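Number of protein chains: 2
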Amino acid sequence: MNKDAINIYDIAKMSGVSIATVSRVMNGSEKVSEKTRKKVMEVIDKVGYTPNVFAQGLGLNTMHTIGVLVPTIADPYMASAVAYLETELIKHGYDCILGNSGFDLEGKQKKTDMLLSKHIDSLVLIGSTYAGDGSDTNATEYIRAAAKRVPVFIINGNVNGENIYASVCEDEKAIYEAATSMLRRGRKNIVFLTDSHSYSANKKRNGYERAMKSVGKSAKDGIIYVENRIHSVRDQLLAMEDLKCDGIIASNDMIAIGAVKYAQAKGLNIPEEIEIIGYNNSDLAISCNPEVTSIDNHTEEICKDTVDRIMRLLDGGVDKLTHKISVPCTLIARETTV
Amino acid sequence: MNKDAINIYDIAKMSGVSIATVSRVMNGSEKVSEKTRKKVMEVIDKVGYTPNVFAQGLGLNTMHTIGVLVPTIADPYMASAVAYLETELIKHGYDCILGNSGFDLEGKQKKTDMLLSKHIDSLVLIGSTYAGDGSDTNATEYIRAAAKRVPVFIINGNVNGENIYASVCEDEKAIYEAATSMLRRGRKNIVFLTDSHSYSANKKRNGYERAMKSVGKSAKDGIIYVENRIHSVRDQLLAMEDLKCDGIIASNDMIAIGAVKYAQAKGLNIPEEIEIIGYNNSDLAISCNPEVTSIDNHTEEICKDTVDRIMRLLDGGVDKLTHKISVPCTLIARETTV
DNA sequence: CCCACCAATGTAAGCGCATACATTTTAGTT
DNA sequence: AACTAAAATGTATGCGCTTACATTGGTGGG
Chain A
0 MNKDAINIYD
10 IAKMSGVSIA
20 TVSRVMNGSE
30 KVSEKTRKKV
40 MEVIDKVGYT
50 PNVFAQGLGL
60 NTMHTIGVLV
70 PTIADPYMAS
80 AVAYLETELI
90 KHGYDCILGN
100 SGFDLEGKQK
110 KTDMLLSKHI
120 DSLVLIGSTY
130 AGDGSDTNAT
140 EYIRAAAKRV
150 PVFIINGNVN
160 GENIYASVCE
170 DEKAIYEAAT
180 SMLRRGRKNI
190 VFLTDSHSYS
200 ANKKRNGYER
210 AMKSVGKSAK
220 DGIIYVENRI
230 HSVRDQLLAM
240 EDLKCDGIIA
250 SNDMIAIGAV
260 KYAQAKGLNI
270 PEEIEIIGYN
280 NSDLAISCNP
290 EVTSIDNHTE
300 EICKDTVDRI
310 MRLLDGGVDK
320 LTHKISVPCT
330 LIARETTV
Chain B
0 MNKDAINIYD
10 IAKMSGVSIA
20 TVSRVMNGSE
30 KVSEKTRKKV
40 MEVIDKVGYT
50 PNVFAQGLGL
60 NTMHTIGVLV
70 PTIADPYMAS
80 AVAYLETELI
90 KHGYDCILGN
100 SGFDLEGKQK
110 KTDMLLSKHI
120 DSLVLIGSTY
130 AGDGSDTNAT
140 EYIRAAAKRV
150 PVFIINGNVN
160 GENIYASVCE
170 DEKAIYEAAT
180 SMLRRGRKNI
190 VFLTDSHSYS
200 ANKKRNGYER
210 AMKSVGKSAK
220 DGIIYVENRI
230 HSVRDQLLAM
240 EDLKCDGIIA
250 SNDMIAIGAV
260 KYAQAKGLNI
270 PEEIEIIGYN
280 NSDLAISCNP
290 EVTSIDNHTE
300 EICKDTVDRI
310 MRLLDGGVDK
320 LTHKISVPCT
330 LIARETTV
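Chains as they are written, first to last, in numbering that gives the first Met the number 0: chain A, 0 to 337; chain B, 0 to 337.
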């Protein structure tokens with residue numbers, strides 16, 4: 000296809016040294032005299048030589064690349080996380096191969112294999128790790144398998160095991176506190192809206208349940224599973240004729256906005272008659288009118304931290320890392336809460 | 000790092016054939032007897048052998064990978080485009096390396112080099128190609144350079160040249176029609192909001208200008224440059240004390256929502272006193288209240304088509320492709336227009 | 001029954017690089 | 001000036017694969 004033709008031998012010939020010297024110059028080895036280094040560099044610059052990564056990889060078995068697996072890059076939360084990761088990784092000279100897995104297990108497995116086959120140095124998984132209760136072992140088997148090859152870092156997931164590291168935000172606590180504060184404000188019927196059984200969604204649900212139980216309410220009835228689309232949420236809620244609630248907590252901002260649409264269609268005053276809290280603090284939250292109170296889970300911080308840990312493991316040769324770190328969330332109050 | 004150890008020699012030994020035969024089996028060459036093919040396949044399956052892509056790449060100089068360069072993956076439009084591309088590419092056995100370039104030239108150049116160094120088979124650029132008027136040649140030089148190595152496909156950009164192919168949506172026409180319809184409805188002061196000088200933004204601006212001129216209005220005064228953030232747009236407009244408009248056309252939905260916020264802060268009735276039209280028809284458009292009329296530029300279709308053309312060029316050995324195709328846009332009327 | 005030919009399989013070269021090890025050059029010491 | 005240690009540079013191997021070319025074995029025709 001593209002025959003660069005120009006390789007290390009060409010450079011060696013042009014600058015009158017051996018390929019070993021050229022290689023040393025390229026890799027910044029200090030065992031080269033300043034004179035020859037300069038001489039070789041000039042040639043390299045002049046012809047714009049770049050080493051063939053395949054050849055490099057063949058020998059070194061690494062390509063300075065991190066695989067990032069997301070269920071769907073179209074989700075704004077995932078997209079921003081990928082952006083943060085990429086920005087950070089590049090600073091360390093690592094590149095980023097994206098895998099868009101979809102939500103099903105098969106897709107995840109396939110994409111994981113794909114990424115591994117590219118000889119990534121580490122794998123980062125974002126969200127959507129099922130089996131929070133540890134029961135559904137199948138769903139995490141591919142992660143453990145991957146971890147036998149490269150260190151795996153999970154953002155907002157909880158698979159544990161050898162060579163697996165997780166960074167999570169404290170969703171459970173955040174939702175618990177959000178619900179509790181609503182209760183304190185006298186809300187009687189608080190509902191929790193979620194679209195999945197992901198680890199993160201489960202934690203959020205737990206937070207909700209704990210808050211409800213702490214005041215002697217049953218939580219079960221208040222949990223409603225919805226589709227992650229604004230109008231679907233609205234329509235589903237509107238269709239529930241017996242739905243009576245004065246508070247809604249949503250597992251993401253998209254769903255929260257669906258709830259806002261529901262309340263508005265129903266003619267309910269926000270926040271007087273009904274409070275709504277979203278999650279992720281994305282642009283969606285402020286795009287709405289009224290602007291949605293949302294929980295910020297500090298994605299940027301988590302991503303940066305994750306990259307930091309990856310680098311410590313890869314570059315620094317640190318062989319033990321905390322397997323799990325937690326980052327607290329922050330409630331950003333806006334117009335959908337009192 | 001990870002020593003798979005198991006290579007083609009191992010497979011050859013285990014199945015009692017030569018590495019050439021194993022390679023032929025792996026690559027589906029028909030020059031293998033059914034008997035030995037089965038024998039080899041069994042071994043391969045049993046031990047889960049996968050060829051080393053570096054070694055493959057070294058010889059073949061391709062890795063079945065497409066590079067995708069975006070200014071920022073955090074932008075929902077870009078993210079969805081990447082998702083479409085990825086989904087489509089995978090069907091053809093191609094993977095996707097992401098480059099998040101930022102908006103500056105240096106970032107684009109660097110990321111382009113990075114992608115090229117990974118021996119991508121083709122490069123896809125999404126949006127944000129400057130120099131729509133052909134004047135700023137520096138800004139597109141890196142694209143032409145890249146095109147000397149691999150075919151370059153540009154989504155919503157207009158660099159032309161050898162080995163460069165573009166798929167564009169008809170923004171100019173869409174905006175022209177949007178503005179014209181507003182005029183027909185009796186709007187007197189229509190304003191155009193944009194955040195960049197990208198090719199696409201320029202086309203949109205042209206559409207606006209053409210519409211204004213067609214009724215003898217000056218367009219220049221109506222063009223307002225804003226920052227691509229909801230609250231920034233709102234605040235900027237609010238700060239313009241002499242701003243009098245009864246129609247706003249925005250170059251994307253984020254900006255359109257900023258305009259909605261402005262109108263609401265100003266106490267203007269939407270759409271009676273002021274109409275607003277956004278662009279991209281993203282989730283943001285329906286997240287807002289009122290829901291924003293927006294122009295759908297058929298990203299999915301464009302992306303699919305792009306992949307289709309890439310494959311025709313790469314697989315099919317087609318050596319001539321239309322250099323530019325256009326896809327019309329569709330106005331999705333909602334609550335911010337009469 | 002031998003030869004030609006074809007299908008099946010094997011052999012070996014080369015892709016471009018890093019690097020261990022070998023060799024040469026330089027600098028320092030006496 | 002002679003010798004040594006250290007620095008600089010060169011040589012050669014191997015990474016795992018694909019593939020052109022070589023070899024083998026079997027088949028049918030003469």
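Every residue, glycine too, gets a C-beta built ideally from N, C-alpha and C.
Since the structure is predicted, the reported quantities are computational estimates derived from the model, not experimental observations.
Proximity of residue i and residue j at Cβ, strictly below 8 Å
i: asparagine 279(A); j: aspartate 241(A); result: no
i: leucine 313(A); j: serine 121(A); result: yes
i: valine 52(B); j: lysine 260(A); result: no
i: histidine 322(B); j: tyrosine 141(B); result: no
i: alanine 78(A); j: alanine 4(B); result: no
i: threonine 329(A); j: isoleucine 276(A); result: no
i: aspartate 295(A); j: isoleucine 331(A); result: yes
i: isoleucine 391(B); j: proline 50(B); result: Residue 391(B) cannot be examined here, being either before or after the span of chain B that is shown, 0 to 337.
i: alanine 144(B); j: asparagine 162(B); result: no
Where the alpha helix (DSSP H) containing residue i begins and where it ends
i: tyrosine 365(A); result: Look at the range of chain A in this structure, 0 to 337, and you will see that residue 365(A) is not part of it.
i: isoleucine 41(A); result: Checking the sequence, you will find glutamate at residue 41(A) rather than isoleucine. From DSSP, the alpha helix (DSSP H) with glutamate 41(A) extends over 33 to 46.
i: aspartate 112(A); result: 104 to 116
i: valine 21(B); result: 18 to 25
i: leucine 88(A); result: 75 to 90
i: alanine 238(A); result: 229 to 238
i: glycine 266(A); result: Counting along the chain, glycine 266(A) falls outside any alpha helix (DSSP H), and DSSP gives it neither H nor E.
i: alanine 54(A); result: 52 to 59
Through-space distance from residue j to residue i, alpha-carbon basis
i: aspartate 74(B); j: isoleucine 65(B); result: 20 Å
i: alanine 255(A); j: tyrosine 207(A); result: 15 Å
i: valine 67(A); j: asparagine 188(B); result: 48 Å
i: serine 197(A); j: glycine 126(A); result: 7 Å
i: valine 16(A); j: threonine 139(A); result: 52 Å
i: histidine 91(A); j: histidine 63(A); result: 9 Å
i: valine 42(B); j: glycine 98(A); result: 29 Å
i: leucine 236(B); j: leucine 192(B); result: 10 Å
i: proline 270(B); j: phenylalanine 152(B); result: 39 Å
i: arginine 209(A); j: cysteine 287(B); result: 32 Å
i: valine 123(B); j: proline 327(B); result: 21 Å
i: threonine 292(A); j: glutamate 334(A); result: 6 Å
i: isoleucine 10(B); j: glutamate 171(A); result: 49 Å
i: isoleucine 309(B); j: leucine 88(B); result: 9 Å
i: arginine 228(B); j: methionine 181(B); result: 25 Å
i: leucine 114(A); j: isoleucine 96(A); result: 7 Å
i: serine 195(B); j: lysine 12(A); result: 47 Å
Buried or exposed by the 16-neighbour rule on C-beta atoms within 10 Å, applied to residue i
i: valine 214(A); result: exposed
i: alanine 130(A); result: Residue confidence for alanine 130(A) is low, a pLDDT of 44 falling below 50, so the modelled location carries little weight; the figure read from the coordinates is stated next. Alanine 130(A) should be labelled buried.
i: tyrosine 175(A); result: buried
i: leucine 283(B); result: buried
i: asparagine 201(B); result: buried
i: glutamate 274(A); result: buried
i: glycine 338(B); result: Outside the displayed span of chain B (0 to 337) sits residue 338(B), for which this structure offers no information.
i: tyrosine 76(A); result: buried
i: glycine 27(A); result: exposed
i: glycine 266(B); result: exposed
i: methionine 211(A); result: buried
i: lysine 107(B); result: buried
i: valine 69(B); result: buried
i: valine 46(B); result: exposed
Extent of the continuous beta strand (DSSP E) to which residue i belongs
i: tyrosine 295(B); result: The sequence given here places aspartate at residue 295(B); tyrosine does not occur at that position. From DSSP, the beta strand (DSSP E) with aspartate 295(B) extends over 292 to 295.
i: glutamate 300(B); result: Per DSSP, glutamate 300(B) belongs to no beta strand (DSSP E); it is in the alpha helix (DSSP H), 298 to 313.
i: glutamate 274(A); result: 274 to 278
i: threonine 193(A); result: 189 to 193
i: leucine 124(B); result: 121 to 125
i: glycine 98(A); result: 94 to 99
i: serine 166(B); result: 163 to 168
i: leucine 320(B); result: No beta strand (DSSP E) contains leucine 320(B), which DSSP labels as neither H nor E.
Inset, instruction - Evaluate contact between the stretch 90 to 105 of chain A and the stretch 153 to 166 of chain A, counting only Cβ atoms and requiring at least three cross-stretch pairs below 8 Å. - result: no
Legend entry - Inter-stretch contact at 8 Å, needing at least 3 Cβ pairs: the stretch 300 to 311 of chain A / the stretch 77 to 89 of chain A: yes
Inset, instruction - Inspect the CB distances between the stretch 217 to 224 of chain A and the stretch 37 to 54 of chain B and report whether three or more fall short of 8 Å. - result: no
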